[in-house]
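Student: Just dropping this structure here.
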Amino acid sequence: MQDTLNAILAKAQPELAALKTRADFEAAKARYVGPHGEFTALMKQMGTVPKDQRPAMGKLVNEAKAQLSAQLDATLERIAAAEIAAQLGPAVDPTLPSPDVGPGTTHPLTLVREEMCRILRKAGFTVADGPEVETEYYCFDALNTPPDHPARAEQDTFYFPETARFANVAKKIPGEKYLLRTHTSSVQIRTMLKGEPPIRIVSPGRVYRRDTSDATHSANFHQLECLYVDKNVTVRDLKALLDYIFASLLGKDTKTRFRPHYFGYTEPSFEVDLSAKHLPKVKKEWIEIGGCGMVDPSVFEAVGYDANVWSGYAFGMGLERLAMLVYGIDDIRYFYQNDVRFLKQFA
Amino acid sequence: MKISLNWLKQYVNLDGVPTDELQRAITFLGFEVEGVVNTALVPLANVVVGEIKTRAKHPNADKLSVCTVDVGATHGGIRTIVCGAPNCDAGNRVPVALPGAVLPGDFRIKQSKIRGQPSDGMMCAPDELGLGGDHAGLLILDGSLAIGLPINEALPGGDTVFDLEITPNRPDALSHIGIARELGAWFRKDVTYPEVTFRGETHGVRPDILGEIRVESPEDCPLYVGFAVAGVKVGPSPAWMQERLKAVGLRPINNLVDVGNYVMLELGQPLHVFDAKKISGRKIVIRLAADGEKITTLDAKERALNSRMLVIADATKPLVVAGIMGGADAGVDESTTDIVLEAAYFRPQSVRATSKRLGLASDSSYRFERGVDPHSTLEAARRAVDLLLETAGGTVVGPSFQVGGDRPWSREITVTPAYINERLGFEIPATEQRAALEALNLRVVREEPTEQRGPAWTVSVPSYRGDLDRPIDLVEEVLRLYGTEKVPAAPAVGPALVDSEDAPTVIFNRAVTSYLVGQHFHECVNYTLRSAKELKTWVSDSAVQELALTNPFVEEQSHLRPTLVLGLLESLKLNQSRGNHVARLFETGRVFMELNGIVQECAGVGFIIAEDPKARTWLPRPAPDFFAVKRHVEIIAAAAGIDLAAQPLVPVTGAYWGWQEGQAAAAGEIKVGWTVRFGLLNLAMVRAAGIEGKVWAGMFAILPEKLAEQQTRRMRPKFQPVSNFPAALRDVAVVADQATTTATVQTFITGLTPKLGLAADVKLEVGPIFDQPYKLPGNKQSLAFPLHFASGQRTLTDQEVNDAFKKLQMLINESGNYNIRS
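Those sequence lines, one after another, are chains C and H.
According to this note's numbering, the first sequence is numbered sequentially starting from 356.
According to this note's numbering, the second sequence is numbered sequentially starting from 3.
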């Protein structure tokens, strides 16, 4: 019997070592320790062993059983490990690049616009929007621009034929022409006509000028304007807003200054200069960044506000110009080419 | 407009004011200085005339020369100087800065060694002496100037010329006297007007020179002044006048023409000088032209006039386009002996319209368009007569004419210093305010107390400041002279309770931009205006017509965009042609949707996903497909408050431009406020656009007002309890015609729920198909859906689920359109 035990163990060892799959293992396990297995059969013969030999034989059998059981466990462990290894495949080279597309990028004009809107939101300004196709009233008349003002000429402003019908842009004056807005100030008029002061809005948006395209001009570009209407709004409040905006955007070293200027819709009117020599590609001490002023009483009159009660300021600037300044971009056309080598720089 | 400093100094004492200080003053008075050209030398010690004797190449530097230069015995005779200028040739006389000289910009000249060669001074280029001009080479001096002569003696005189941008509200500043008035106010210096001696006296009557002036259009010409001068002698104008005209960029012609230009640049009043013998009938008529009448202007171009254009005519023909330009054959020439001088005020709108219609502008029309001061017209004419007599001789003869201009000027504005300070938000003392106003010739003619606001001033406005007529205008004047630079900083932006939210379009754009960037798209910005040719690939010819501008600037930008896809294709093409591998692009922005001749301006979102045929990768990924696009479109629509799953989705046919039939879908209509198209772009169109590979796209457009409506309607969601009981699952495979869409079958099955005899607490949810549609013979297909039976209150029994499922199968088989797949 001892010989038989040894023979089983001797046979089991190479057989188990050669097993590859869990099914083969289960079959092999059944052959040895299953109900009809060789080892089980041997155990059953214990009854035939003479009584005096039983303790010794029992010990032998138990030892062999433990040995076989350990071999089986080890085999199963080995197969389970091999199964996991097979699921995983070979180890990855972590330096290989991901073949997936990405990442996406936000356009620099959007980045600058949104940053300005966030800065202005802290000062209580919410974003207003309006149509890009406008009528002469909203773009010019209500903004104190007389009918024969050069800015209104077909030379400078894009118009549509008198027969054009834009269903969701209402005309204020019968017979007035549709045009592409030349500034986002039309949004100020729409906002003031719709509501009552106090008003604090920022209106970023696309505007159009009939102009040659070059490094600093483009047929359409973007503006960002602020309008504040309340009681007792002063020139100094306007200066405070501009100081705040540009210090937030460009750093505390940034200074602003006013130069007297002329706009039909503000009085007094100023051009705004920035001193921000820490920015890339800024060589001059002062650079012009926008126009502003106190809302002209004639504009209040046009929207039905009492100019003796209400006062306000307005400020406007070009977003492209601002983005060029912030990022040191030297040609406006980059914004409209959408070369991804450009776009990826600002994400 | 160019302003000469020498000329200015005739009217206001600016001695000792450095150029940069003047420039600053002009800037802060509100006139942008676009350029300064300085031809006057500042006093420079130790800079003398030298003559280059020899020139040799520098041994250690390619671009340098070693010269010997004679600077005169008193300055040490011959010196060796290293020079980098290309024109340091022997024989040239040039300015030499000797050691000890200090050039503008605090540039100190010393003996030095340049690349190992000693250099005993510096030869100078114009800019190094503080003169205008470039740095291209040395300033070559007149060969007759003595060697050793101090440079200030060699180059006496000179001038500083400012090029100014005058804002349209300030026509009064379009002259030297106008700028002198402003600078006088800034520096608080008196302004001296030119002395005018002629007071209208005439010597004899000569109707054979000029018999009549008649104004037929007094509305367009409210004032016309004419003086006749007999016996003038045409010749060059005096040197001082020529010098000033040249300084501001005008070419001197002769004394008669030059006087006209001179007075215009001096006082801002354009003038015209007629040769009397060319005035047919001795009669000047200011009238509207006849339609079809012609004139050949001084620039030798024939111009067709119409009945809205004002002309100065004689008995037979137009002589001058009023206020704009004279006729070629009415002007003065060498044979002129008798002249008529015109000074007038023309209505700005009339001059502007005619100038624009003719495409003809001049220094004169520029001023008339902006408005000259009619109350100074006569004085300017008298000034011109003085100068004519002085430079060309002759005598003023009668009759002289003044037509119109009878209304005297008077304007007063009442303002309180308190009001000015309130508008400013900081204090400028009343005395300082008053001083500023009076410096600008805005005199306080009366001062009266008010009840609470201190004194009220009545301020008289001079005739040349027609732009001032309200108290707020005086706020600007006070601030201008106080200095806009000095507006104090405020510690913080004042608070305001404004109850408003960002516009719905803005919130929507932000949401979709954030989503698409997160989905690896690059945001693009393209032009709104596109070409007709491009539009025709996308919309019908009639729509193209509705989107056209009246006056495009260039052909490629003549129409409003009806989609963002065309711009994105252009961006894709650019990137492909530059070898950039790009798959995903998007843009948000306004698009213009045409329907039956009516255009709607919509908020749009467009994106493209391009196959990149040239991409090489170590690990290929599945190609993009329709359903990837569909998911993006669903999420974009959801951001606008639209549940795309609840909308009928139609496959596109040939009627949808730009999309590939059978590979794209559409939902919504601009009639209901929004529309979406998505899927594969028309392969032929994409190829014609020069793009390689397939391109999938999505284009969503919504009316801004619809977006606002959706956002206000969107309510805060209410919590729904989540069931703790498992659902019972059954699968059903339905046989339907191949033409039937999956959504139709799914809706049909869902619709059977009430007929299944389910308890009230049981709900049936028909899930999305879990296997590919399976084609069967006879143009049929099999669609397999999972069915979820669930109650929020209990676990269902097998019995009730089986009963309901059997009932469902029976109803499907009885439907006539569908069968259970056996």
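All residues carry an ideal CB built from backbone N, CA and C; glycine is no exception.
Of all Cβ atoms in chain H, is any one closer than 7 Å to the Cβ of GLN613(C)?
Tutor: In the sequence as displayed, the identity of residue 613(C) is Phe instead of Gln. PHE613(C) counts as touching chain H.
Student: State yes or no: is the C-beta of PRO490(H) within less than 7 Å of the C-beta of PHE555(H)?
Tutor: Taking 7 Å as the Cβ cut-off, PRO490(H) and PHE555(H) do not qualify as a contacting pair.
Student: Alpha carbon to alpha carbon, what distance is there between PHE394(C) and TYR387(C)?
Tutor: Rounded to the nearest whole angstrom, the C-alpha separation of TYR387(C) and PHE394(C) is 5 Å.
Student: Under 7 Å between beta-carbons, which chain H residues line up against HIS572(C)? List them in chain order, please.
Tutor: Chain H residues near HIS572(C): none, gap ~11 Å exceeds 7 Å.
Student: On the three-pair Cβ rule with 8 Å, is the stretch 557-570 of chain H touching the stretch 515-529 of chain H?
Tutor: Taking a cut-off of 8 Å for Cβ pairs, the stretch 557-570 of chain H and the stretch 515-529 of chain H touch, as three or more such pairs fall below it.
Student: Determine the DSSP secondary structure at THR393(H), reduced to helix, strand or coil.
Tutor: Collapsing the DSSP output to three states places THR393(H) in a helix.
Student: Tell me, to the nearest whole angstrom, how far the beta carbon of GLY759(H) is from that of ASP800(H); I am working on the premise that it is less than 8 Å.
Tutor: No, GLY759(H) and ASP800(H) are not in contact; Cβ-Cβ is about 15 Å, not under 8 Å.
Student: What number of angstroms, rounded off, separates the C-alpha of LEU680(C) from the C-alpha of PRO506(H)?
Tutor: 30 Å
Student: Could you confirm whether any beta carbon from chain H is found closer than 7 Å to the beta carbon of VAL664(C)?
Tutor: For VAL664(C), not one C-beta of chain H is nearer than 7 Å to its own C-beta.
Student: Is it true that the CB of GLU167(H) sits closer than 7 Å to the CB of GLU36(H)?
Tutor: yes
Student: For ALA792(H) and LYS809(H), which I take to be in contact (beta-carbon distance under 8 Å), what is that distance rounded to the nearest angstrom?
Tutor: Not really, about 17 Å apart at Cβ, beyond 8 Å.
Student: Do VAL607(H) and VAL514(H) come within 7 Å of each other at the CB atom, strictly closer than that value?
Tutor: yes
Student: Can you pull the chain C neighbours of GLY145(H), defined as C-beta to C-beta under 9 Å?
Tutor: At a beta-carbon threshold of 9 Å, none of the residues of chain C lie near GLY145(H); the nearest stands roughly 39 Å away.
Student: Relative to the alpha-carbon of ARG732(H), which residue among GLY159(H), GLU802(H), PRO431(H), TRP676(H) has its alpha-carbon at the smallest distance?
Tutor: Nearest option by C-alpha distance: GLU802(H).
Student: For the stretch 477-498 of chain C, which residues have a CB atom closer than 7 Å to at least one CB atom of chain H, in sequence order?
Tutor: ALA478, GLY479, THR481, VAL482, ALA483, ASP484, PRO486, GLU487, VAL488
Student: Per DSSP, CYS581(C) is paired with what?
Tutor: VAL557(C), PHE670(C)
Student: Where do the N-terminal and C-terminal ends of the alpha helix (DSSP H) with ASN511(H) fall, by residue?
Tutor: Segment 506-520, the alpha helix (DSSP H) holding ASN511(H).
Student: Is ASN171(H) close to chain C, meaning its C-beta is less than 7 Å from at least one C-beta of that chain?
Tutor: Cβ-Cβ to chain C under 7 Å: yes for ASN171(H).
Student: For the alpha helix (DSSP H) that LEU360(C) lies in, which residues bound it at each end?
Tutor: 357-373
Student: For a test of the three-state rule: what should DSSP assign to CYS494(C), helix, strand or coil?
Tutor: helix
Student: So what does DSSP say about SER146(H), is it helix, strand or coil?
Tutor: It is coil, neither helix nor strand.
Student: Check the Cβ-Cβ distances between PRO552(C) and every residue of chain H, and say whether any is below 7 Å.
Tutor: no
Student: What does the Cβ neighbour count give for PHE109(H), buried or exposed, with the cut at 16 atoms within 10 Å?
Tutor: Result: exposed.
Student: Within 7 Å (strictly less), CB to CB, does PHE521(C) reach chain H?
Tutor: yes
Student: Would a check of beta-carbon distances place GLU603(H) closer than 7 Å to chain C?
Tutor: yes
Student: Determine the burial state of GLY683(C): buried for a count of at least 16 other Cβ atoms within 10 Å of its Cβ, exposed for fewer.
Tutor: Burial state of GLY683(C) is exposed, judged by a 10 Å Cβ sphere holding fewer than 16 other Cβ atoms.
Student: Roughly how far, in whole angstroms, is the beta-carbon of GLU478(H) from the beta-carbon of PRO635(C), given that I think they are within contact range, below 8 Å?
Tutor: With 8 Å as the limit, GLU478(H) and PRO635(C) do not qualify as a contact, their Cβ atoms being about 36 Å apart.
Student: Who pairs with TRP641(C) in a beta bridge, going by DSSP?
Tutor: Answer by DSSP bridge pairing: none, since TRP641(C) is not bridged.
Student: Could you check what DSSP says for TRP676(H) in three-state terms: helix, strand or coil?
Tutor: strand
Student: Beta carbons nearer than 9 Å to chain B: which residues of the stretch 699-732 of chain H have them?
Tutor: Absence of chain B from the displayed structure is noted, the protein chains being C and H.
Student: Can you list the residues of chain C that PHE189(H) reaches, using a CB-CB cut of under 8 Å?
Tutor: Simply none; closest approach about 17 Å.
Student: So that I know if they touch, is there some Cβ in chain C lying closer than 7 Å to that of LEU360(H)?
Tutor: no
Student: Spatial neighbours of LYS610(C) within its chain, please: CB distance less than 6 Å, with the 5 preceding and 5 following residues excluded, ordered by chain position.
Tutor: SER630
Student: Would you list, in sequence order, the uninterrupted beta strand (DSSP E) runs of no fewer than 3 residues that lie entirely inside the stretch 612-643 of chain H?
Tutor: none
Student: Could you tell me which uninterrupted alpha helix (DSSP H) segments, each at least 4 residues in length, are contained entirely in the stretch 245-289 of chain H, listed from first to last along the chain?
Tutor: 257-269
Student: So the beta strand (DSSP E) SER502(H) belongs to, where does it begin and stop?
Tutor: SER502(H) -> no beta strand (DSSP E), and no H or E assigned at all.
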